[in-house]
Amino acid sequence: MTWVVLAVVSLLAWSNGSNDNFKGVATIYGSGTASYRTSLAWATVTTLAGSLFTLVLAARLIETFSARGLVPDAVAASPAFLAAAALGAAV
Numbered sequence: 381m382t383w384v385v386l387a388v389v390s391l392l393a394w395s396n397g398s399n400d401n402f403k404g405v406a407t408i409y410g411s412g413t414a415s416y417r418t419s420l421a422w423a424t425v426t427t428l429a430g431s432l433f434t435l436v437l438a439a440r441l442i443e444t445f446s447a448r449g450l451v452p453d454a455v456a457a458s459p460a461f462l463a464a465a466a467l468g469a470a471v
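For reference, each letter of the sequence shown is one residue, going 381 to 471 in the working numbering.
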């Protein structure tokens, strides 16, 4: 079940990132300042940096929004619940 949760979380990250990856640097390409490949490289590097920085900042949010109080602790800790929540967010 751990692999299912990892796969679903990866799907969520991919679907979110693929939609937003180029938006942040579209003006660089649109203005003709950089080529398509250079703009895409900038988008990838800056998105990766933002993702890594978010991992540091999100630790407290994960504690806050861990489903405690919403569902019993046994349910919140089950891989099936985690997979369902991640799949719901990905879809």
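The C-beta atom is built at its ideal place from N, Cα and C for all residues, glycine as well.
Predicted model, so just to flag it, every value in this text is computed and none were measured.
Quiz prompt | Rounded straight-line distance, which links the Cα of Ala393 to that of Pro429 | solution = Here residue 429 refers to the residue found at position 49 when the sequence shown is read from its first residue. Here residue 393 refers to the residue found at position 13 when the sequence shown is read from its first residue. As written in the sequence, residue 429 is Ala, which differs from the Pro given in the question. Straight-line spacing of the CA atoms in Ala429 and Ala393 works out to 14 Å.
Self-check item: 7 Å CB neighbourhood of Leu420 in its chain, flanking five on each side removed
Solution: Translated into positions along the sequence shown, residue 420 becomes position 40. Excluding sequence neighbours, Leu420 sits near Phe402.
Quiz item: What are the boundary residues of the alpha helix (DSSP H) that includes Val436?
Solution: Locating residue 436 in the sequence shown gives position 56, counting from the first residue. Here the alpha helix (DSSP H) through Val436 covers 416-437.
Quiz item: With a CB to CB cut of under 7 Å and the five nearest residues on each side skipped, what residues in its chain are close to Ala466?
Solution: Walking along the sequence shown from the start, residue 466 turns up at place 86. Excluding sequence neighbours, Ala466 sits near Val385, Val388, Val389, Leu392.
Practice problem: Given a cut-off of 7 Å, decide if Met381 and Pro459 are closer than it, judged by their beta-carbon atoms. | Solution: As a first step, residue 459 must be located in the sequence shown, where it is residue number 79. As a first step, residue 381 must be located in the sequence shown, where it is residue number 1. Cβ distance < 7 Å, so Pro459 and Met381 count as in contact.
Quiz prompt | Residue range of the alpha helix (DSSP H) that includes Gly404 | solution = For the purposes of this step, residue 404 is identified with residue 24 of the sequence shown, where counting begins at 1. Unbroken run through Gly404: none, as it is neither H nor E.
Quiz item: Buried or exposed: which applies to Ala457, given that a residue is buried once 16 or more other Cβ atoms fall within 10 Å of its Cβ?
Solution: Mapped onto the sequence shown, residue 457 falls at position 77. Counting every other CB atom within 10 Å of its CB across the protein chains shown gives Ala457 a total below 16, marking it as exposed.
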